[in-house]
Each structure stands twice: as C-alpha cells, then as structure tokens.
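Asker: One structure, as structure tokens, below. Some questions next.
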Amino acid sequence: MVYTTQILYDPARKKEPSPTFQTERDTCLSYFTKWNQANQVDFVEHLLSRMCHYQHGHINAYLKPMLQRDFITLLPSKYW
1 MVYTTQILYD
11 PARKKEPSPT
21 FQTERDTCLS
31 YFTKWNQANQ
41 VDFVEHLLSR
51 MCHYQHGHIN
61 AYLKPMLQRD
71 FITLLPSKYW
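Quick note on numbering: the sequence shown equals residues 1 to 80 in UniProt numbering.
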C-alpha cells in the first residue's frame with residue numbers, strides 16, 4: 001500500500017500582499033494596539049470564529065512554538 005501526501009499550503013509560494021491589503025491591515029493593527037488586552041482578546045476571538053479549519057491549523061502551527069515553555073530554564077539552578 002502506498003501513502004501519498006498532498007501539500008495544501010506552501011509558505012514559499014506566498015504572494016506579495018496588495019497595497020490595498022497592506023493599508024487596511026495597518027489600519028486594523030493601529031486600532032488593535034490602542035485597545036486594552038481584554039478588547040484585543042475579544043477581537044481575536046471574533047476573528048478566529050470567522051476563520052475556516054485550514055486557517056485554524058495555520059494559526060495553530062504559528063502559535064505552537066510561542067506557547068511551548070522552556071522548563072529547563074524555569075528549574076532552580078541546582079537541578080542543571
């Protein structure tokens with residue numbers, strides 16, 4: 001039996017965002033940075049609720065390294 005894998009997303013094939021998108025993204029980020037943390041979280045939750053499964057997977061892969069803790073550095077120095 002042969003198993004094949006199909007790559008649905010290739011980050012090397014990213015297209016350059018349009019100038020319109022860049023302007024709109026910068027406007028959204030400008031608002032976002034003015035909000036407090038609770039409002040930022042609320043906004044991101046609403047944004048995520050409107051995304052598809054594929055997008056959630058991409059976001060998960062992006063966040064996973066950020067959320068991993070380095071437990072070795074958290075141990076008291078006598079353990080290492």
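Beta carbons: idealized from backbone N, C-alpha and C, even for Gly.
Since the model is a prediction, treat every value here as computed from it, not as a measurement.
(1) Against chain B, with Cβ distances strictly below 8 Å, would residue 70 count as a contact?
(2) To the nearest angstrom, how far is the alpha carbon of residue 72 from that of residue 78?
(3) To which residues of the same chain is residue 43 closer than 8 Å at the C-beta, ignoring the five residues directly before and after it?
(4) If I follow the unbroken alpha helix (DSSP H) through residue 47, where does it start and stop?
Answerer: Working from what's here:
(1) Protein chain content of the structure displayed is limited to a single chain, and chain B is not contained in it.
(2) 11 Å
(3) 32, 35
(4) 37-49
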